[in-house]
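In terms of my numbering, the sequence shown is residues 7 to 151.
Positions of the beta carbon are idealized from the N, C-alpha and C atoms, including for glycine.
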Amino acid sequence: MPDITRRDFLKLMKGTGIAVGAGLVAAPVVAYLYPTDLSIYPAEPALVCAENELPVGESRTIPFGRYPALIIHTADGLKAYSAACTHFACTVKWNNETGTIDCPCHDGYFKVEDGSVISGPPPKPLLKLETEIVDGNIYVKVSEA
Ligand code: FES
């Protein structure tokens with residue numbers, strides 16, 4: 007086994023520290039340039055709740071494959087989106103006071119009408135999902151279009 011001097015050991019530790027530091031700095035940059043794949047959703051509709059359990063102005067966030075789904079009962083009917091923000095995939099939330107969908111991570115704001123970006127860093131709209139009512143229950147599914 008080769009002898010290693012104190013100087014060699016310190017050089018090795020310095021190099022390792024630089025490599026780890028570079029990785030920590032590069033990881034968010036890579037994540038920004040190559041956004042998370044948001045396309046992993048279940049093929050089958052998922053039960054949200056009974057129709058009468060989601061009054062106008064309320065929302066539900068449910069597990070829906072890799073990312074949750076956000077279902078909102080607006081005055082214009084049900085709206086559903088992937089709850090994964092298109093910036094860094096934080097979970098967005100319905101804000102009934104402002105009538106917007108808000109991302110708490112970096113102040114991203116989306117329109118409830120179509121999921122488009124109002125302001126903030128998200129690069130594209132929320133993924134729109136579809137709802138359907140079956141036997142008095144609300145289901146959410148991936149849009150077929
Ligand atoms: S993750 Fe939503 S604004 Fe950054």
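In the structure shown, what three-state DSSP assignment does Leu118 receive?
By one-based count along the sequence shown, residue 118 stands at place 112. According to the sequence provided, residue 118 is Val. The question's Leu does not apply to it. If DSSP states are grouped into helix, strand and coil, Val118 belongs with coil.
For Ile124, I'd like the list of residues in its chain whose CB is within less than 8 Å of its CB, leaving aside the five on either flank, ordered along the chain.
The count along the sequence shown starts at 1 and reaches residue 124 at position 118. Contacts found: Thr106, Tyr115, Phe116, Lys117.
Which residues mark the beginning and the end of the beta strand (DSSP E) in which Val148 is found?
Residue 148 sits at position 142 when you count from the first residue of the sequence shown. Taken as a continuous stretch (DSSP letters only), the beta strand (DSSP E) holding Val148 covers 143-148.
Pro128 CB to nearest heavy atom of ligand 1 below 7 Å
Taking the first residue of the sequence shown as 1, we reach residue 128 at position 122. The answer is yes for Pro128.
Would you say Phe70 touches ligand 1, meaning its beta carbon is less than 7 Å from a heavy atom?
For the purposes of this step, residue 70 is taken as the residue at position 64 of the sequence shown. No, the beta carbon of Phe70 sits no closer than 7 Å to any heavy atom of ligand 1.
Specify, as a first and last residue, the run of the beta strand (DSSP E) that Glu64 falls within.
Position 58 of the sequence shown holds residue 64. That residue, Glu64, is in no beta strand (DSSP E); it is neither H nor E in DSSP.
How long is the line joining the alpha carbons of Asp9 and Phe15, rounded to whole angstroms?
Against the sequence shown, residue 9 aligns to sequence position 3. Against the sequence shown, residue 15 aligns to sequence position 9. Using only the alpha carbons, I get a separation of about 10 Å.
In terms of residues, what are the limits of the beta strand (DSSP E) holding Asp82?
Within the sequence shown, residue 82 is the residue found at index 76, counting from 1. Segment: none, Asp82 is in no beta strand (DSSP E) and carries neither H nor E.
Excluding sequence positions up to five away, which residues of its chain have a Cβ less than 6 Å from the Cβ of Val146?
Taking the sequence shown and counting its residues from 1, the one referred to as residue 146 is at position 140. Answer for Val146: Ala52, Val54, Ala75, Ile77, Ala86, Leu135, Thr137, listed in chain order.
Cβ of Gly114 within 7 Å of any heavy atom in ligand 1?
Here residue 114 refers to the residue found at position 108 of the sequence shown. Because some heavy atom of ligand 1 lies under 7 Å away, the Cβ of Gly114 counts as near it: yes.
Which residue marks the beginning of the beta strand (DSSP E) containing Asp56, and which one marks its end?
By 1-based counting over the sequence shown, the position of residue 56 is 50. Note on identity: in this sequence residue 56 is Ala, with Asp being the wrong assignment. Residues 52-56.
Do Ala81 and Val62 have their CB atoms nearer than 8 Å?
Position 75 of the sequence shown, counting from 1, holds the residue named residue 81. Position 56 of the sequence shown, counting from 1, holds the residue named residue 62. Contact flag set, yes.
CA-CA distance, Leu133 and Ser88?
Against the sequence shown, residue 133 aligns to sequence position 127. Against the sequence shown, residue 88 aligns to sequence position 82. Roughly 5 Å between the two C-alpha positions.
How should Ala49 be labelled, buried or exposed, when 16 other C-beta atoms within 10 angstroms of its C-beta is the threshold for buried?
Position 43 of the sequence shown, counted from the first residue, corresponds to residue 49. Result: exposed.
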